[in-house]
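The structure under discussion appears below in the form of C-alpha cells.
Number of protein chains: 2
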Amino acid sequence: MSNKTNILLVEDDPNLGSLLQEYMIAKGYNCQLETDGDKGLKAFLQGSFDLCALDVMMPIKDGFTLAKEIRNTDKNIPIIFLTAKSLKEDKIEGFQSGADDYLTKPFSMEELLMRIKAILRRTQGSESVQKDKKHFELGELNFDYDRRMLRGSEDYEQKLTSKEADLLKLLCENTNDVLERSVALNKIWKDDSYFNARSMDVYITKLRKYLKADPKLEIVNMHGRGFKLLTN
Amino acid sequence: MSNKTNILLVEDDPNLGSLLQEYMIAKGYNCQLETDGDKGLKAFLQGSFDLCALDVMMPIKDGFTLAKEIRNTDKNIPIIFLTAKSLKEDKIEGFQSGADDYLTKPFSMEELLMRIKAILRRTQGSESVQKDKKHFELGELNFDYDRRMLRGSEDYEQKLTSKEADLLKLLCENTNDVLERSVALNKIWKDDSYFNARSMDVYITKLRKYLKADPKLEIVNMHGRGFKLLTN
DNA sequence: TACTGCCGTTAAAAAAAGTTAACCTATTTA
DNA sequence: TAAATAGGTTAACTTTTTTTAACGGCAGTA
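Note that the protein sequences, when read in sequence, are chains A and B.
Counting from 1, position 156 in the first sequence corresponds to residue 324 in the numbering used here; the numbering is continuous, with no gaps.
Counting from 1, position 54 in the second sequence corresponds to residue 222 in the numbering used here; the numbering is continuous, with no gaps.
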C-alpha cells in the first residue's frame, strides 16, 4: 500500500457510495467501498485503515452495530457516520457508539472532506508533523538551525542571528537549486517589497562571509530569480 | 482552577450564551462566557482553556477572525463554531480557519455536548495531558513548579520566585518551540505593555543565569517574536 | 556602447533585547 | 514600630539585530 491515507467507506446506496469514493480518490486518498455491514467489517479486519465513514441505515447490519464491532478491535480508529437520520436520539446514539462526527444527508462532499481532514489533523498530526530538518551538512561546515550555530571541522564557530539562520535554512533546503527571491521574502519577511529585498541582500552578504570558512561553498545569484547555494 | 475541563464560550446573544454556559457547567465543565470577539481573545490569552466554542456572527470581531488569532497563539486548541450560517462556503471557511467542528443553529445542547466530548476524547489523551504538568525534566535539571524549585543532579538547588517559576513553566511547555512575547506577557503579566516587556527581559536574564547549571540548556531570543528554550 | 534595472557592499539609523542597579511595596522579623 | 527582607517594577544604559540609505558595479538588452 502507498503512503496515502486509507479510508473505509461503507454505504449501501451504490450511487452515493461510488460518487463519494471517486471524490475521495480524486482528493488523494485511498478509499475502499463496501456495500453492507458484514463486508465492511471483513474489509476492516483484513485491511489497515486510518478512518471509517459508515452509513447508518443498511440492510443486514446497521452502522451503529458495525461501529461497535470495529471499535472492538480498534478503539482508536476515527469513525464518521453518514445518515439521513437527523433525529436527536439517533445522533446521540451515534456519538455514544464512539463516533467522531455525524453527518446528516444531504451533505456536500466538500463538507465531508473538511470534516475528515479536521479529524485526521488530530489523529495523525502527532506523528507526521515534525518533518522539518533542523541540521544540515554543508561541505566542511555543519549548521544547527535551532542553536543557530555554524561549526567548521577545526575551531571555527559562528553564531547566527535568527534572520541569518532562517535564510541559511531556506538555502540549505534548496541546495544546488534556485531559492526564488519571492519565496524567501514571503517566508521570512512575510512580504515581498523593495525594502525587504534590499534587506535580504544584506543578509546574503553576511552569509557569504560566514561560508568563506569552506571555500567550496558559494551562494550564486540567479539574475532576476534568486539565489543558489552550491556545495561542490 | 480545578482539574475540570475549561471551555471558553464566545457568544454575543446573552440568552443563548448563558443557557449554554449553565448547561455545560451542569455537565461538569468549567465554562467561561464572553460576549464579543475582543473580550474572547483577551480571556483566551490570559486563561488556560481546553476548548473554544465560538459564535461566528458577532459585532466588533467575527468568530473566524477570532479563531485565527487564537490559533496564532495556540495551534492545537480545539475550536467549534456555533452559527446560523449553514451555507457551504461558510462551513468551508470555518474549517479552513482551523475548526474541529461546525454546528449550525438551531442545535440541541445535547448534540453540542456530544461533539465536544468526541473532540476532547481525541485531544485530551495526547498532548493536553502535558498542559497542566507541574514537573519538568530539563536536561540535567529538574523543575518543580509547585515547590518553585530547580534541582540539579549534584547539590545544585535554586529556589525560584513565583514570576520566575511562571515564566519558566511557560518556556517548558513550549520547549524547542517559540514562546511568543505577547503570549507570555498576557498570561503572566495580564497585559502586553512596554514596561512589562522590560520586566520580562529581566526575568529572562535571571532564568538564563539559573539554567547555566546545565550548559546544554539555552534560552534563545527570536527577534521580534519571543523566546525558545532549547534542551539539546 | 549606453541604458536600465538588479545586485553587492558598506555604513548609519532604528528597533529590539540584555544588563545592572535603584526604587517601590508588602511582609516578616527584631 | 522600625528595620530587614523579598519580590517585583522602573530607569538608564549597553549591545545586538535588523532595516534603511547611498553608491558603485554588473548583467541583460536596445
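The beta-carbon is built from N, C-alpha and C at its ideal position, and this holds for glycine as well.
_Please list, in chain order, the residues of the region 340-373 of chain B that have any C-beta partner in chain A closer than 9 Å._
Asn344
*Cβ neighbour criterion (16 or more within 10 Å) applied to Asn183(A)*: exposed
*When you check each C-beta in the region 224-257 of chain B against every C-beta of chain A, which residues fall closer than 7 Å?*
Lys256
_Span separating the alpha-carbon of Glu261(B) from that of Lys327(A)_ = 42 Å
*asked:* Can you tell me where the beta strand (DSSP E) holding Lys327(B) begins and where it ends?
replied: Unbroken beta strand (DSSP E) run through Lys327(B): 325-327.
*Quick one: which residues of the region 303-321 of chain A get their C-beta closer than 8 Å to a C-beta of chain B? List them in chain order.*
Flagged, chain order: Asp314, Arg315, Arg316.
*Verify the CB distance criterion: does Gln298(B) have a CB-CB separation below 7 Å to chain A?*
Legend: pLDDT at Gln298(B) = 46, less than 50; position of this residue unreliable, no value from coordinates given.
*Enclosing alpha helix (DSSP H) for Lys207(A) [first to last residue]*: That run of the alpha helix (DSSP H) goes 205-214.
*Where does Asp230(A) sit, in a helix, a strand or coil, going by DSSP?*
coil
*Roughly how many angstroms separate the alpha carbons of Asn344(B) and Lys337(B), rounded to a whole number?*
It is roughly 13 Å from the alpha-carbon of Asn344(B) to the alpha-carbon of Lys337(B).
*Residues from the region 268-279 of chain A in contact with chain B, defined by Cβ distance under 9 Å*: Hits within the stretch, in order: Asp268, Asp269, Tyr270, Ser276, Glu278, Glu279.
*By a C-beta neighbour count over all protein chains shown, 10 Å radius and 16 as the cutoff for buried, is Ile228(B) buried or exposed?*
Result: exposed.
*Contact check, Glu202(B) vs Ala211(B) under 8 Å by CB: the rounded distance?*
5 Å
*Can you list, in chain order, the residues of its chain whose CB lies under 7 Å from that of Ser321(A), leaving out five sequence neighbours each side?*
Taken in chain order, the residues that qualify are Glu308.
*Hey, is Lys195(B)'s beta-carbon within less than 7 Å of any beta-carbon in chain A?*
So no, Lys195(B) is outside the interface.
_Strictly below 9 Å CB to CB, what residues from chain A border Leu398(B)?_
Asp314, Arg315
*With distances taken between CB atoms, is the gap from Ser330(A) to His391(B) smaller than 7 Å?*
Going by C-beta atoms, Ser330(A) is nearer than 7 Å to His391(B).
*Beta-carbon proximity list for Val351(B), same chain, < 6 Å, skipping 5 on both sides*: Thr241
*Apart from the five residues just before and just after Leu209(B), which ones in its own chain have a Cβ nearer than 8 Å to its Cβ?*
These residues qualify, in order along the chain: Lys229, Leu234, Glu237, Ile238.
*Sequence-distant residues of its chain with Cβ nearer than 6 Å to Arg349(A) (five each side left out)*: Leaving aside the five residues that flank Arg349(A) on each side, the residues in its chain whose CB is nearer than 6 Å to its CB run, in chain order, Gly394.
_Leu271(B) and Leu250(B) - do their beta-carbons sit closer together than 7 Å?_
yes
*If you draw a straight line from the C-alpha of Asp258(A) to the C-alpha of Asp204(B), how long is it?*
Approximately 34 Å, taken between the alpha carbons.
*Residues that Ile260(B) contacts on chain A, provided the C-beta gap is smaller than 8 Å*: Chain A residues near Ile260(B): Glu278, Glu279, Met282.
*What span of residues does the alpha helix (DSSP H) with Val388(B) cover, start to end?*
That residue, Val388(B), is in no alpha helix (DSSP H); its beta strand (DSSP E) goes 386-390.
_Proximity of Met277(B) and Tyr197(B) at Cβ, strictly below 7 Å_ = The answer is no: Cβ separation not under 7 Å.
*asked:* Pull the bridge partners of Met225(A) from the DSSP assignment, please.
replied: According to DSSP, Met225(A) bridges with nothing at all.
*Under 9 Å between beta-carbons, which chain B residues line up against Ser216(A)? List them in chain order, please.*
In chain order: nothing, as chain B lies at least about 20 Å away.
*With DSSP run on the structure shown, which of helix, strand or coil describes Lys377(A)?*
Helix, per DSSP.
*Drop a sphere of 10 angstroms on the beta-carbon of Gly215(A), count the other beta-carbons inside from all chains shown, and report buried for 16 or more, exposed for fewer.*
Under this definition Gly215(A) is an exposed residue.
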